[in-house]
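For reference, the structure discussed in these notes is given below.
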């Protein structure tokens, strides 16, 4: 680890209270109480609109590429107009607002306009409308929510999905080009509505237990589940976050963020964190893909964030760009106080390179951390706010939350209780009951292990999903989460994730999810090669076999040693539940859908399979 000093971001001195029961269960909480928080998520919008009405709230590039921005004062006026319109149309918790389209200023205003007067909003992944071929998940969502209205940015882009799923009695609002065949209003016309006394009266009736929104789990094991998200959940969670990110209280934050608002990480946390602290949200229409990162890089050259989030693959591409782009590097590190990653394990090589670039640019290391949460916890539950030498520590419980660790075989299953935890799933009492244990703790389904055995104050490492672990033929359990993270690191950025194979077999194999920008570096000037040709290239084969051999040399037993690997040459399937809209991979879904590929791993004569040196010699 670099000896350069860490840039100070805040004073943080949590008090951990814990006990271990006779059955091995741990109960871990905080002695320092959670601070006060508002009753309604839009209380802070009203506050900042009055206190700093000219501060930029949200900015987005227009069609010319220039930034168009909206202030807090302007936003509140528009939110109230939308509230009046939605109340007039009879929307309610039983007939909520369904938002189909990507992040935009109009999307944000529609969501807040509904929530301001007690009408839940529900943003769903654009993939359900634009990528899905059969509309099955969107149809499931419509059946669960019975929306009273849908919102889409662009009428023609979403008309196919809307007509396929919603009857002509469900009206729509669009920003451009109305939809035929149903009642449809332009967003600009909605803003002409005059907010009367009914808006203020409805706002006053909103309380902590009013449903603010519905968020859908990714649906990797079936239909997406509608997670009830109350105003109490959102507001308490934002106070938990701000306790950790205390620098935001001192200076309004600035973020440049791409993550979809249909997902809890940005839709709940980042979106509302700016409003909570009077900050500015720059919408990034890029994403962590080779093509999408070009837009992200353009935005980060323009705007210097004070807090930044990305997934590990996004950081890998950003690091690659900053190593040859001084203007990008200077802009990115100009005022950033904290970096956060999630959704997958970060390779140590990426962690180290980020630190090196920070020191090169500022003379300081920038705090880099991760945490643990779920859609059902709004999402912030655990966060690591102490400097670490290696990636992966997810930290300690947030203020106001209690963590329960229950023995599950040789693992500790994590459960959470507190004001930011959902009361359950909308219109599904059975799933709601099953989600909680007898003491009212929400069952995350994740396993954790102590960073320092027996000392909860030092945090925890993610130890895999309880349902993902499996046994080898010998009866030895394989800890999938920890081994996946280890392999991603050991493959040095050439793969962005792995899926482990080997249940009831003698040895482990791995399906490798390729990271093409890094792999193309191996083939030199062969930039004209397509992706399949890159995977078949001799230089790629040589490197992967070299890294596989190095992994085996460091392994300690059959449950941590992968003997064979194969690339997944095809795209992961969204419809089949293999990948979520934030890019995380579902191990079980991939194995279920790719059983032939998994089986081919154990054919030593299949040219696509990478073998260890021992197996190569035997073959």
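In the numbering used here, the protein residues as written are 28 to 646. Backbone N, C-alpha and C define an ideal beta-carbon position, used for all residues, glycine too.
In terms of alpha-carbon separation, which member of the options lies closest to residue i?
{"i": "residue 588", "options": "330, 61, 419 and 527", "result": "527"}
{"i": "residue 366", "options": "640, 344, 288 and 337", "result": "337"}
{"i": "residue 558", "options": "275, 569 and 545", "result": "545"}
{"i": "residue 284", "options": "360, 332 and 267", "result": "332"}
{"i": "residue 345", "options": "317, 363 and 364", "result": "317"}
{"i": "residue 328", "options": "343, 361, 102 and 306", "result": "361"}
{"i": "residue 418", "options": "459, 489 and 454", "result": "489"}
{"i": "residue 176", "options": "212, 354 and 640", "result": "212"}
{"i": "residue 380", "options": "363, 232, 339 and 539", "result": "339"}
{"i": "residue 233", "options": "280, 86 and 119", "result": "119"}
{"i": "residue 635", "options": "641, 620, 596 and 622", "result": "596"}
{"i": "residue 133", "options": "117, 150 and 223", "result": "150"}
{"i": "residue 21", "options": "580, 74 and 110", "result": "Because residue 21 is not part of the residues shown, which for the chain are 28 to 646, the question remains open."}
{"i": "residue 231", "options": "273, 265, 190 and 110", "result": "110"}
{"i": "residue 427", "options": "568, 235, 640 and 267", "result": "267"}
{"i": "residue 541", "options": "533, 264 and 521", "result": "521"}
{"i": "residue 448", "options": "565, 406, 458 and 598", "result": "406"}
{"i": "residue 168", "options": "81, 289, 435 and 94", "result": "289"}
{"i": "residue 640", "options": "568, 348 and 295", "result": "568"}
Apart from the five residues just before and just after residue i, which ones in its own chain have a Cβ nearer than 8 Å to its Cβ?
{"i": "residue 507", "result": "491, 492, 495, 496, 497, 527 and 614"}
{"i": "residue 466", "result": "431 and 444"}
{"i": "residue 219", "result": "108"}
{"i": "residue 106", "result": "69, 72, 136, 139, 140 and 143"}
{"i": "residue 357", "result": "388"}
{"i": "residue 313", "result": "285, 319, 320, 321, 322, 323, 324, 325 and 326"}
{"i": "residue 668", "result": "This structure gives no information on residue 668, because the portion of the chain shown stretches from 28 to 646."}
Residue i by DSSP, collapsed to three states: which one?
{"i": "residue 84", "result": "strand"}
{"i": "residue 638", "result": "strand"}
{"i": "residue 367", "result": "strand"}
{"i": "residue 241", "result": "strand"}
{"i": "residue 405", "result": "coil"}
{"i": "residue 613", "result": "coil"}
{"i": "residue 386", "result": "helix"}
{"i": "residue 163", "result": "helix"}
{"i": "residue 126", "result": "strand"}
{"i": "residue 136", "result": "helix"}
{"i": "residue 346", "result": "helix"}
{"i": "residue 247", "result": "The pLDDT assigned to residue 247 is 46, lower than 50, so where the model puts this residue is not dependable; a value taken from the coordinates is nonetheless given after this. Residue 247 falls in the coil class under three-state DSSP."}
{"i": "residue 150", "result": "strand"}
{"i": "residue 73", "result": "helix"}
{"i": "residue 41", "result": "coil"}
{"i": "residue 61", "result": "coil"}
{"i": "residue 480", "result": "coil"}
{"i": "residue 253", "result": "strand"}
{"i": "residue 499", "result": "coil"}
{"i": "residue 628", "result": "coil"}
{"i": "residue 604", "result": "coil"}
{"i": "residue 399", "result": "strand"}
Apart from the five residues on each side of it in sequence, which residues of its chain come closer than 6 Å, Cβ to Cβ, to residue i?
{"i": "residue 247", "result": "Legend: pLDDT at residue 247 = 46, less than 50; position of this residue unreliable, value from coordinates given subsequently. Around residue 247: 604, 613 and 616."}
{"i": "residue 46", "result": "54"}
{"i": "residue 372", "result": "512 and 515"}
{"i": "residue 330", "result": "283 and 309"}
{"i": "residue 179", "result": "127, 128, 185 and 201"}
{"i": "residue 210", "result": "198"}
{"i": "residue 39", "result": "412"}
{"i": "residue 252", "result": "244 and 452"}
{"i": "residue 422", "result": "398, 409, 410, 411 and 486"}
{"i": "residue 627", "result": "633"}
{"i": "residue 166", "result": "192"}
{"i": "residue 359", "result": "327"}
Check the C-beta distance from residue i over to residue j and give it rounded, since I have them as a contact under 8 Å.
{"i": "residue 156", "j": "residue 127", "result": "5 Å"}
{"i": "residue 424", "j": "residue 51", "result": "19 Å between Cβ atoms; not a contact."}
{"i": "residue 241", "j": "residue 226", "result": "Not confirmed; about 22 Å, so no contact."}
{"i": "residue 592", "j": "residue 536", "result": "6 Å"}
{"i": "residue 237", "j": "residue 145", "result": "5 Å"}
{"i": "residue 114", "j": "residue 76", "result": "So it is not a contact: roughly 20 Å between Cβ atoms."}
{"i": "residue 181", "j": "residue 160", "result": "Actually they do not touch by this definition, with Cβ atoms about 20 Å apart."}
{"i": "residue 457", "j": "residue 463", "result": "In fact, because the Cβ distance is near 12 Å, the residues do not count as touching under 8 Å."}
So, at 7 Å on beta carbons, what are the nonlocal neighbours of residue i in its own chain, with the 5 sequence-adjacent residues on each side left out?
{"i": "residue 543", "result": "317, 558 and 561"}
{"i": "residue 239", "result": "68, 142, 147, 256, 257, 258 and 261"}
4-residue-minimum alpha helix (DSSP H) runs that sit fully inside the segment 261-343, ordered along the chain: 274-277, 298-303 and 319-329
Alpha helix (DSSP H) runs wholly inside the segment 430-476, at least 4 long, in chain order: 456-461
Complete beta strand (DSSP E) runs within the segment 177-228 (minimum length 3 residues, chain order): 199-203 and 211-213
Unbroken stretches of the beta strand (DSSP E), 3 residues or longer, contained in the segment 529-594: 535-541 and 589-594
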